[in-house]
Structures are given as C-alpha cells and as structure tokens.
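Here the structure is laid out as structure tokens; the discussion comes afterwards.
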Amino acid sequence: MKEALSEAGINFVTVDISSGMLPLKQFLAYRDTRPEFDAIKENNRVGLPCIVVNKGEQILFGLPENLDDLR
2 MKEALSEAGI NFVTVDISSG MLPLKQFLAY RDTRPEFDAI KENNRVGLPC
52 IVVNKGEQIL FGLPENLDDL R
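The number in our numbering is simply the position in the sequence shown, starting from 1, with 1 added.
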C-alpha cells in the first residue's frame, strides 16, 4: 500500500500501532466503534492494514481503484 500511495504522490502518514499506547488506543477507538470493522471482527481479524482518510471520514481496507479518490 505504501509504495502505491507514494508512487501516486498521495500524502499519507504511516502509524505503527505497536509504537506506544496512544497509537494503539486511537486505532482501537476506530475499530471498536466503526461499522466498517464489523465484518472484520466477526471473522476474528484485526483490520490492518487500513487507510483512515481525514481522521475517520472514510476507512478503507485496500486501495481504491482510482487513487485520485484519496486526494
């Protein structure tokens, strides 16, 4: 994902949820409250990697067909 976003010139920030409690808590807040994660949790998966657009405006679990949608 990172390579495709970089090649397309999309600005993004990579967050390592294992780097500390704050990034982990921020991810869990999305995972535990957003309906996008329901099917993932039902299948006992974590939901990573994912793309969080504009602080939760949209959550994607793969790259969109048109990367310009992320601009």
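Ideal placement from N, C-alpha and C gives every residue a C-beta, glycine not left out.
#### Entry: Delimiting residues of the alpha helix (DSSP H) encompassing residue 41
The residue labelled residue 41 in the question sits at position 40 within the sequence shown. First-last of the alpha helix (DSSP H) with residue 41: 39–43.
Next on the checklist: Among the candidates 10, 18, 2 and 24, whose CA atom is the shortest distance from the CA of residue 72?
Outcome noted: Within the sequence shown, the letter at position 71 stands for residue 72. With distances taken between CA atoms, residue 72 lies nearest to 10 out of 10, 18, 2 and 24.
| task | Assign residue 46 to one of two classes, buried (16 or more other C-beta atoms within 10 Å of its C-beta) or exposed (fewer than that). | result | Locating residue 46 in the sequence shown gives position 45, where the first residue counts as 1. Residue 46 is exposed by the Cβ-count criterion.
Does the distance from the CB of residue 37 to the CB of residue 18 come in under 8 angstroms? Locating residue 37 in the sequence shown gives position 36, where the first residue counts as 1. Locating residue 18 in the sequence shown gives position 17, where the first residue counts as 1. In this structure, residue 37 keeps its C-beta atom at 8 angstroms or more from the C-beta atom of residue 18.
Check: In three-state DSSP terms, what is residue 52?
Finding: The residue given as residue 52 occupies position 51 in the sequence shown. Strand, per DSSP.
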